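Right, one structure below, let's go through it.
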Amino acid sequence: MKLVLASSLLIFLVPDLILAQESETTVFKDRSIDLAKHLDQWPYRSYAIYGSYAANQIGLIRESATSTFVVADLQPNSVISFDKAEELNATDLANVAAWKFTYNAVTSQWYFKGDEERNEEYNLYVFNKDAATKTKLTNVPYLYDYAFSKDYKRVAYTARVVHSKEGSPGEVRILDLETGEDMAVYKDEDEAFKLTWGSISWHPEEEGVIFVTAKDGDRTKHNLVYVDLTRITPASTVVTDPEIKRTDLALPKKWLSTTQVGYGVTENDTPYIRVYDFASNETKLSQQTSADVADLKVASLGGRAKLIVLLNGIRRQELRVVDPEAGTLERSIELEGGIELLDTKPERVMVAQQYLTDPLKICDLNLAPQEIEVVDLAGISKELASDIVHCTVKEHVYKTFDDITYDIDGETFEGEIFGYLYSPKNPLPREQAIVLIEGFYGAYTDFDVTKQVLCEAGIYVFSPNPRGNRGSGAFANAQIGDYGGSDTLDGIYAAKYASELLGIPPERVGVFGMSYGGYLTLRHLTFQGEVNGHQASFPWGFGISEAGISQVLRQADPQIGGSVAGYVERATGPLDDPATWKKFQGERSPANLMENFNAKLLLIHGTADTRVTPIESRDFYWRAREQGKGDLVTYIEYEGQGHYATGRADKIKRLKDWLEFLAGI
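Taken in order, the sequence shown gives residues -20 to -1, 1 to 645; the numbers are from mature numbering (1 follows the signal peptide of the UniProt record, and there is no 0).
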């Protein structure tokens, strides 16, 4: 048994304490791997990329000795390099989750959603002009989203107001940035329509706000609610049909006009673009799309407002320009990889693009020509990229246990699962070859530093897309009611496929994942061989679980679970139902299936994780010891770390811990 700690929390428990080394270089088998190189050449948080036409800037969080927000001015007819970005504010964000950065064109300041010490108690902040501090503008347990009014003097925001966990009463509030007055205009404790993750948007003339809710807190029943602020007492109206199954509701910050708002939505597993007209109180446009709407913005083209629609995709994403009145597709373009819409202005849209072995570039799309023109604005040089890209990546499709049918990027798959195989340019010798199977959150095209480090170590990574992970319709929502079910079988078949394809025996085939992927890792290593009436098995050699759940219904309990307890309960069932307990606590909770656990395991958790509390990993570790299987587990806790690693120091430690563990496989 070996327990590696990055904190003093469990020192009294540890018979064999191994202290973390200070070096940023590690040795894996016969290879010296410079971890600092990966983080120095690509020091940016991939989920925190922003752009503003009004500011004429792009913004990123750069992690070095400290983690700070940096900006680079866009240059006409020139591609700027990210390493030219300069620090906007000295505030250290290493221990902060910060995103949803928005530029205020009146105050010339950047605002953002963030927490303190990774506690996931999110509020609205602004970087002060002294370039050294930030100011907290709201004081709520959990802010969902925010939007500026037309004159940038007020902020509308949605938030939980009693505690940070899902299920807390929520409010829509209006904050006056000049006076500091903060007023509630909608309280969901008095309503059936509860606030949830989703956008909020101002009426163009500031007459009201529209926002995403979930009927009775059910995430499969998203609805739009509008609050009229012209009345003495603000009055709310439900805009959408509340009885329809509705998910993936994408609401833009801009309206099409003073009476019309567009949105993307998936209803009864079918995706649509919709336009609602407040003058007639009816839907003016209802157009089916080929995939779920990932994002939707508004831009003028030829002096008329158009919908800029980004469709979900795995290998590529389609961007469409749609006329909201005629419902016609005016033009479109397919872009490789993962795309994020950053900003719009007349005839232009700014996007961020990441693709597997291409870290990131920012592009300007000229919508005026019939064939949309793509102009690069910013990126990383090929020389820098060559230092940190150690994988070649190819698409693979494998047979799974059933004949499930679904579409990806316009292609129909039947009984097959799509995935990416990351192959090291310099693999380990055949007798040492290792392959890792990504348990969940796989098949993404974002640039992944961890996978590049693994490839430099000579390790293969297979990243499949099990049901419930990515896609559209029923396939994407398959996890609801089947937590740890058929997606587990998809993972087993992925392991069989990769093992046979690469000629790597099961003892050197492992599974890894974080959050739900961490749960599925533990699920795989304790799987009893049957679920949903289907039998399957694979003798995993090892696993790496980060922030995973080991007792499902403990995390579904709002009293003792983490901040996503409400989601876990909906993915399993009512806690007062004996059938729920039998299925998910007895048959699908890894900590209760330790008799099946026989593989090496690296178990990682942050002590400050409020999303999945660290009791989950601690419980699994101690049960392994009680069963006489403690020698199989290497358990690591990081003091003060939240649900995932932020900051350079924690990221270096994490990569070193992975490689030290894998060296023993």
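Where a beta carbon is used, it is the ideal one built from N, C-alpha and C, also for glycine.
None of the values given here were measured: they were computed from a predicted structure.
Given that a residue counts as buried once 16 or more other Cβ atoms are within 10 Å of its Cβ, and exposed if not, what is residue i?
i	result
Glu527	Per the sequence presented here, residue 527 reads as Ala, with Glu not at that position. Per the 10 Å Cβ criterion, buried.
Pro594	buried
Lys374	exposed
Tyr256	buried
Ile212	exposed
Ile41	buried
Glu151	buried
Ala112	exposed
Val135	buried
Glu436	buried
Asp168	buried
Ser517	exposed
Asp630	buried
Ordered along the chain, which non-local residues of its own chain (more than five positions away) have a Cβ less than 6 Å from that of residue i?
i	result
Leu408	Gly438
Asn346	Glu353
Asp272	Asp228, Thr246, Pro251, Asn292 and Ser452
Thr82	Tyr91
Gln1	At Gln1 the pLDDT is 41, less than 50, meaning the model places this residue with poor confidence; the figure from the coordinates comes in the next sentence. There are no such residues.
Ile313	Leu299 and Ile352
Leu401	Lys374, His376 and Phe442
Ser26	Asp426
Can you tell me whether DSSP reads residue i as helix, strand or coil?
i	result
Pro349	coil
Lys234	coil
Ser(-13)	Confidence at Ser(-13) is low in this model, with a pLDDT of 31, below 50, so its placement is unreliable and no value can be given for it.
Ile288	strand
Pro251	strand
Gln1	Caution is warranted here: a pLDDT of 41 is assigned to Gln1, below 50, making its placement in the model unreliable, and the coordinate value is therefore given only provisionally. Gln1 falls in the coil class under three-state DSSP.
Leu15	helix
Ile368	helix
Asp599	helix
His504	helix
Tyr421	coil
Leu642	helix
Thr71	coil
Phe173	strand
Ala571	helix
Gly448	coil
Thr560	helix
Asn578	coil
Lys405	coil
Arg591	coil
Ala35	coil
Gly242	strand
Pro326	coil
Ala551	helix
Are the CB atoms of residue i and residue j nearer to each other than 9 Å?
i	j	result
Ile417	Val489	yes
Leu582	Asp637	yes
Leu73	Ser47	yes
Trp602	Ile368	no
Ala474	Tyr440	no
Tyr615	Gly586	no
Ile484	Ser525	no
Thr380	Leu469	yes
His202	Leu635	no
Arg328	Leu315	no
Ala306	Pro339	no
Phe8	Leu639	yes
Throw me the rounded Cβ distance for the residue i and residue j pair, which I believe falls under 8 Å.
i	j	result
Thr220	Arg199	At roughly 15 Å, the Cβ-Cβ gap does not stay under 8 Å, so Thr220 and Arg199 are not in contact.
Gly471	Pro446	6 Å
Leu209	Glu187	6 Å
Ser597	Ser530	7 Å
Ala77	Thr626	7 Å
Lys362	Leu321	Between Leu321 and Lys362 the Cβ distance is about 26 Å, and since that is not below 8 Å, they are no contact.
Val189	Ser179	That pair is no contact at about 10 Å.
Met574	Ala545	At roughly 24 Å, the Cβ-Cβ gap does not stay under 8 Å, so Met574 and Ala545 are not in contact.
Val289	Leu15	Contact doesn't hold; Cβ gap of about 40 Å is too wide.
Taking 8 Å as the limit between beta carbons, can you name the residues of its chain near residue i, skipping five residues before and five after?
i	result
Lys80	Phe92, Lys93, Asp125 and Tyr126
Thr552	Gly461, Tyr463, Val532, Leu533, Ala536, Thr560, Lys563 and Phe564
Gln350	Arg311
Glu100	Ala77, Tyr122, Ser144, Ser543, Thr590, Arg591, Gly622 and His623
Near residue i, what residues of its chain come up, given a Cβ to Cβ distance below 7 Å and the 5 sequence neighbours on each side ignored?
i	result
His143	Pro121
Leu309	Arg300 and Val302
Asp344	Arg328, Met330, Val355 and Leu357
Ser266	Tyr252 and Arg254
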